[in-house]
Amino acid sequence: MTEHRYLGKTSKDYFVIKGINVFNERWCGTGNCVTVTSPLDKKNYVFSEYTSDGVKFIAGKDTHGYWLFFAA
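Throughout the sequence shown, residue numbering follows this note's numbering, covering 136 to 207 in sequence.
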């Protein structure tokens, strides 16, 4: 399994990657699903990969309702 760098989490509609608040942009799914491990609870999740305004990232909600973001 490829390790994807954890970028952070949020419960709000605000998260900045490379200077862009991704919640203000349209997310386009790449069609790829990626297994990531949360550094917070050590659980594995299968999240989708997205691009938004030229930025590629992996995102999904954990069991606590937080959005988790990883570098693609």
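Using N, Cα and C, we set each Cβ at its ideal position, and we do this for glycine too.
Asked                                                                                                                                                      : Found
With which residues is residue 184 paired in a DSSP beta bridge?                                                                                           : 193
Under a Cβ-count criterion, where at least 16 other Cβ atoms within 10 Å of its own Cβ denotes burial, should residue 203 be classed as buried or exposed? : buried
Look at the alpha carbon of residue 185 and the alpha carbon of residue 147, and state the distance between them as a whole number of angstroms.           : 18 Å
At what residues does the beta strand (DSSP E) containing residue 203 begin and finish?                                                                    : 202 to 206
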